[in-house]
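Asker: Shown below is the structure under consideration.
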DNA sequence: CACCCACCCGAGAGCGCCCTCACCTCGGCA
DNA sequence: TGCCGAGGTGAGGGCGCTCTCGGGTGGGTG
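Residue numbers (UniProt numbering), protein chains in the order written: chain A, 1 to 370; chain B, 1 to 370.
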């Protein structure tokens, strides 16, 4: 009925508690340096009036927003069909919530959107950003570094200038750390990633350990660092694998089916497959069954992700490389928040102590398919 | 290097353009009532300084935030495994972006989270909310109505007090409209939904039109209104169907497989299946093939959603009921924004003109499975 | 007993913006 | 020519909050 009863202000709380605005403010913000009886009075006034601080007024003076942007570049619809983001988002959301930060979601879909996001971030509406930029040629990371907003990337971003290759991961990490410095308002550009390369090595070694000598690999889209890293891991173990044992795919079940058919046509004698994710592994499994090949007796199969409604429901249940996706999200948020806190304090010297990249380990989950 | 060069203020822009703050402000906000040469000067000053308005300062006086909360209640992980939300979110994001509004994402996961969301919304941090609350017994809709925030629901919310049944949809809509009034700070509680019931009817009629007399139905989780409505639609057409032809499931492929097996065991003679969504239809197809039944010759199958990487990739491609999910998201946002604009203007009288619920039509997409 | 220090608390100055209101400038009309 | 009104512009107040700074109070010490 009544149109939006005017929300009580700090002034009102102070009046009701019989103290000054300053004291009321102190109590609302933790109550340090205020004697107990007053704290109590103010607290009661807050409850009675249903006082909620006006965030806009607060931000105006503190220059903090307690809000973090999550930027998801979405070149194709596929990005979202994947539960991957959803899980990371969940982890992020939980962590931000736990620290009373809001999550501002920015979905981008094209060149002009990038400009918009850049403007938004530079506009200082949020304290920091969590960015998912999967594709190698994405201009977003560059834009964001220039915007000078504290940022944590999800997955190793690639801001090399085109070249690439077989350098070992250590070199890459160092590289990232180097470049991290010098932009972003004094502090490294950070990222969180799974140890894709090592996970892939573990998977392939497992297959080899099973006595499989003709191991095929269904890759993900190779313009994504995660897929590229997994391929690198595969190659680390199968140094001189027949190139016909590698088929590029796209992380989807349908893509996995297609790739599996292709591989079987080229090398009908293959006896193991390492798929770059569970979804494509599921597709591969279907094709194998369709061709009358038994898993794991004839062909052993390993996936990647341990995406749960998928990996444990395939037939046979999938052996796979587990990465804790939700935890990655949490970690991204945690990293960013701690960075923001550090930046708030004067910081006695450049904090190069923070690692530029955090790589989470993976573990092999053994089920029936290998 | 330099720690966050102080952002230019409107004052600075005004000074550079040689006008007053007021004039600069007018130009920034559209430039009405300012003569051309001055507009030009101010515009240039804005560019040169890279001025971006301080949203916090603006909100402080306008009491608008140009931000909308999107609340997704997530009782189980599954909610997100479904690309459904992702698509709606995309639609919402596009529409909000087009109107320069921000999207604040709130994921909830339990009782205490509800309280938090309620507090947040009541706290006036956002101008409105878009809420997805799927489950019948969810306290969220009630909480939100009490918070007095303009809200649009995704999917028909159920705030009946437990009872329910076979009233026709018209009655339901009226009901919703009634209750919509009286809370939410003057204005109806609104929602956007697909015409699930009619879509189901169309699908089942199509099967009947194909001469199928023993039509089974794999439902979704019946505590969600969409699933319940589709079941109602099925029953509208198959008024006295054998109850053994209906099996409750959960919108997942695995659930679809399970339900299909169950149905075939109970009624091996069935010759058509209407699945409540494409994912469960895909599962059903696999079971049918496994049992050596041909689709559509032996059993015709229809899904629901027309979820694209799924429906057109099954074998055979799925005939299904299409709903434009992304458009639903767009519409939700559009509805909310227009409501917010209306509320801004004094509004000469209660605007009961706005429909409480918007029901989008569905269309049958014929592919090979029926 | 005087002094100092540590601790609390209140007054007041803004943060950057929008908006009201008064003023000023013209052009049109009597 | 004088007056009036419409349309532009500028000065200033205030949105709700935090934070600095000065005053006041109490207890410990020389």
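No residue lacks a Cβ here, since even glycine has one placed at the ideal position from N, Cα and C.
Only a predicted model underlies this, so the values are computations on that prediction, with no experimental measurement involved.
Any chance the segment 318-333 of chain B sits against the segment 266-273 of chain A, with 3 or more Cβ pairs inside 8 Å?
Answerer: No contact exists between the segment 318-333 of chain B and the segment 266-273 of chain A.
Asker: What is the DSSP secondary structure of residue 307 of chain B, counted as helix, strand or coil?
Answerer: The residue given as residue 307 of chain B occupies position 307 in the second chain. Coil.
Asker: Given residue 201 of chain B, which residues of its chain have a CB within under 6 Å of its CB, disregarding the five upstream and five downstream residues?
Answerer: Indexing the second chain from 1 puts residue 201 of chain B at position 201. Answer for residue 201 of chain B: 233, 236, 237, listed in chain order.
Asker: In the DSSP assignment, the alpha helix (DSSP H) including residue 88 of chain A goes from what residue to what residue?
Answerer: Residue mapping note: residue 88 of chain A aligns to position 88 of the first chain, counting from 1. Taken as a continuous stretch (DSSP letters only), the alpha helix (DSSP H) holding residue 88 of chain A covers 83-98.
Asker: Can you list, in chain order, the residues of its chain with a C-beta nearer than 6 Å to that of residue 368 of chain A? Leave out the 5 residues immediately preceding and following it.
Answerer: Within the first chain, the letter at position 368 stands for residue 368 of chain A. Excluding positions up to five away in sequence, the list reads 316, 317.
Asker: Whose Cβ in chain A lies nearer than 7 Å to the Cβ of residue 102 of chain B?
Answerer: Looking up residue 102 of chain B in the second chain gives position 102. Chain A residues near residue 102 of chain B: 104.
Asker: Could you give the C-beta distance for residue 131 of chain A and residue 153 of chain A, rounded to a whole number, given that I count them as a contact under 8 Å?
Answerer: Mapped onto the first chain, residue 131 of chain A falls at position 131. Mapped onto the first chain, residue 153 of chain A falls at position 153. Indeed they touch by this definition, with Cβ atoms about 5 Å apart.
Asker: Drop a sphere of 10 angstroms on the beta-carbon of residue 30 of chain B, count the other beta-carbons inside from all chains shown, and report buried for 16 or more, exposed for fewer.
Answerer: In the second chain, residue 30 of chain B corresponds to position 30, counting from 1. Flag for residue 30 of chain B reads exposed.
Asker: Would you list the residues sitting across from residue 272 of chain B in a DSSP beta bridge?
Answerer: As a working note, residue 272 of chain B is residue 272 in the second chain. DSSP, once it has assigned bridges, lists B:215, B:300 as partnering residue 272 of chain B.
Asker: Taking C-beta pairs closer than 9 Å, name the residues in chain B that residue 45 of chain A reaches, listed in chain order.
Answerer: By 1-based counting over the first chain, the position of residue 45 of chain A is 45. In chain order: nothing, as chain B lies at least about 17 Å away.
Asker: Since residue 123 of chain A meets chain B, which of its residues come closer than 9 Å, beta carbon to beta carbon?
Answerer: Within the first chain, numbered from 1, the residue matching residue 123 of chain A stands at position 123. Those within 9 Å of residue 123 of chain A in chain B are 7, 52, 53, 54, 55.
Asker: For a cutoff of 8 Å on Cβ pairs, would you count residue 309 of chain A as touching chain B?
Answerer: Working through the first chain from its first residue, we reach residue 309 of chain A at position 309. With 8 Å as the cut-off, residue 309 of chain A counts as an interface residue toward chain B.
Asker: Report yes if the CB atom of residue 285 of chain A is closer than 8 Å to the CB atom of residue 99 of chain A, and no otherwise.
Answerer: The residue you call residue 285 of chain A lines up with position 285 of the first chain. The residue you call residue 99 of chain A lines up with position 99 of the first chain. No, the Cβ-Cβ distance between residue 285 of chain A and residue 99 of chain A is not below 8 Å.
Asker: Just by C-beta distance, which residues in the segment 216-232 of chain A are closer than 8 Å to chain B?
Answerer: Result list empty, no residue passes.
Asker: Identify whether residue 247 of chain A lies in helix, strand or coil by the three-state DSSP scheme.
Answerer: Your numbering for residue 247 of chain A matches position 247 in the first chain. If DSSP states are grouped into helix, strand and coil, residue 247 of chain A belongs with the strands.
Asker: Quick check on the DSSP output: what are the complete alpha helix (DSSP H) runs of length 4 or more inside the segment 108-151 of chain A, in order along the chain?
Answerer: Qualifying alpha helix (DSSP H) stretches, in chain order: 111-122, 140-147.
Asker: So what does DSSP say about residue 241 of chain B, is it helix, strand or coil?
Answerer: As a working note, residue 241 of chain B is residue 241 in the second chain. Looking at residue 241 of chain B - three-state DSSP - the assignment turns out to be coil, as it is neither helix nor strand.
Asker: So the candidates are B:252, B:314, B:197, B:358; which of them puts its Cα closest to the Cα of residue 373 of chain B?
Answerer: Lying before the first or after the last residue shown, residue 373 of chain B is absent from chain B, which here runs from 1 to 370.
Asker: With a threshold of 8 Å between beta carbons, is residue 318 of chain A in contact with chain B?
Answerer: Position 318 of the first chain, counted from the start, is the residue given in the question as residue 318 of chain A. Chain B, which has no Cβ nearer than 8 Å to the Cβ of residue 318 of chain A, makes this no.
Asker: Looking at C-beta atoms only, is the number of pairs between the segment 50-60 of chain A and the segment 4-15 of chain A that lie closer than 8 Å three or more?
Answerer: Yes, since at least three Cβ pairs between the segment 50-60 of chain A and the segment 4-15 of chain A fall closer than 8 Å, the two stretches touch.
Asker: With a threshold of 8 Å between beta carbons, is residue 241 of chain B in contact with chain A?
Answerer: Indexing the second chain from 1 puts residue 241 of chain B at position 241. Chain A, which has no Cβ nearer than 8 Å to the Cβ of residue 241 of chain B, makes this no.
Asker: How about the segment 297-317 of chain B and the segment 110-119 of chain B: do they share at least three Cβ pairs that are nearer than 8 Å?
Answerer: The answer is no - the segment 110-119 of chain B does not touch the segment 297-317 of chain B, with fewer than three Cβ pairs under 8 Å.
Asker: Am I right that residue 323 of chain A and residue 194 of chain A are in contact with their C-beta atoms under 8 Å? What's the rounded C-beta distance?
Answerer: As a working mapping, residue 323 of chain A is identified with position 323 in the first chain. As a working mapping, residue 194 of chain A is identified with position 194 in the first chain. The Cβ separation is near 4 Å, so the contact holds.
Asker: What did DSSP end up calling residue 60 of chain A once you bin it into helix, strand or coil?
Answerer: The sequence position of residue 60 of chain A within the first chain is 60, counting from 1. Looking at residue 60 of chain A - three-state DSSP - the assignment turns out to be helix.
Asker: Helix, strand or coil for residue 15 of chain B per DSSP?
Answerer: Here residue 15 of chain B corresponds to residue number 15 of the second chain, with the count starting at 1. Helix.
Asker: Please report whether the beta-carbon of residue 297 of chain B lies at a distance below 8 Å from any beta-carbon of chain A.
Answerer: To locate residue 297 of chain B, count along the second chain from 1; it is residue 297. So no, residue 297 of chain B is outside the interface.
Asker: Does the CB of residue 313 of chain A have a neighbour CB from chain B at under 8 Å?
Answerer: The count along the first chain starts at 1 and reaches residue 313 of chain A at position 313. Closer than 8 Å to some Cβ of chain B, the Cβ of residue 313 of chain A qualifies, so yes.
Asker: Exposed or buried, which one is residue 278 of chain B when buried takes at least 16 other CB atoms within 10 Å?
Answerer: As a working mapping, residue 278 of chain B is identified with position 278 in the second chain. Its Cβ being crowded by 16 or more others within 10 Å, residue 278 of chain B is buried.
Asker: Compute the distance between the beta-carbons of residue 283 of chain B and residue 254 of chain B, then report whether it is under 8 Å.
Answerer: Counting from one through the second chain, the residue named residue 283 of chain B turns up at place 283. Counting from one through the second chain, the residue named residue 254 of chain B turns up at place 254. Yes, Cβ-Cβ distance for residue 283 of chain B and residue 254 of chain B is below 8 Å.
Asker: State buried or exposed for residue 314 of chain A, treating a residue as buried only when at least 16 other CB atoms are found within 10 Å of its CB.
Answerer: Residue 314 of chain A sits at position 314 when you count from the first residue of the first chain. The residue in question, residue 314 of chain A, is buried, as its Cβ has 16 or more Cβ neighbours within 10 Å.
Asker: Could you give the C-beta distance for residue 340 of chain A and residue 128 of chain A, rounded to a whole number, given that I count them as a contact under 8 Å?
Answerer: Taking the first residue of the first chain as 1, we reach residue 340 of chain A at position 340. Taking the first residue of the first chain as 1, we reach residue 128 of chain A at position 128. Correct: roughly 6 Å between the Cβ atoms.
Asker: Does residue 226 of chain A pass the burial test, meaning 16 or more other C-beta atoms within 10 Å, or should it be called exposed?
Answerer: On the first chain, residue 226 of chain A is found 226 positions in, with the first residue counted as 1. So residue 226 of chain A counts as buried.
Asker: Within its chain, find whatever has a CB closer than 7 Å to the CB of residue 163 of chain A; leave out the 5 residues flanking it on each side and keep chain order.
Answerer: Here residue 163 of chain A refers to the residue found at position 163 when the first chain is read from its first residue. At residue 163 of chain A, the pLDDT of 37 sits below 50, so the modelled position is not reliable; the number obtained from the coordinates is stated separately. Same-chain partners within the cutoff: there are none.
Asker: Assuming the contact rule is C-beta atoms closer than 8 Å, residue 26 of chain B and residue 34 of chain B should be a hit. Round their C-beta distance to whole Å, please.
Answerer: As a working mapping, residue 26 of chain B is identified with position 26 in the second chain. As a working mapping, residue 34 of chain B is identified with position 34 in the second chain. Right, the Cβ-Cβ distance comes to about 5 Å (below 8 Å), so this counts as a contact.
Asker: From the beta carbon of residue 362 of chain A, is the nearest beta carbon of chain B less than 8 Å away?
Answerer: Start at 1 with the first residue of the first chain, and residue 362 of chain A comes out as number 362. With 8 Å as the cut-off, residue 362 of chain A does not count as an interface residue toward chain B.
Asker: Name the one or two DSSP bridge partners that residue 72 of chain A has.
Answerer: Indexing the first chain from 1 puts residue 72 of chain A at position 72. DSSP output for residue 72 of chain A lists A:107, A:132 as bridge partner(s).
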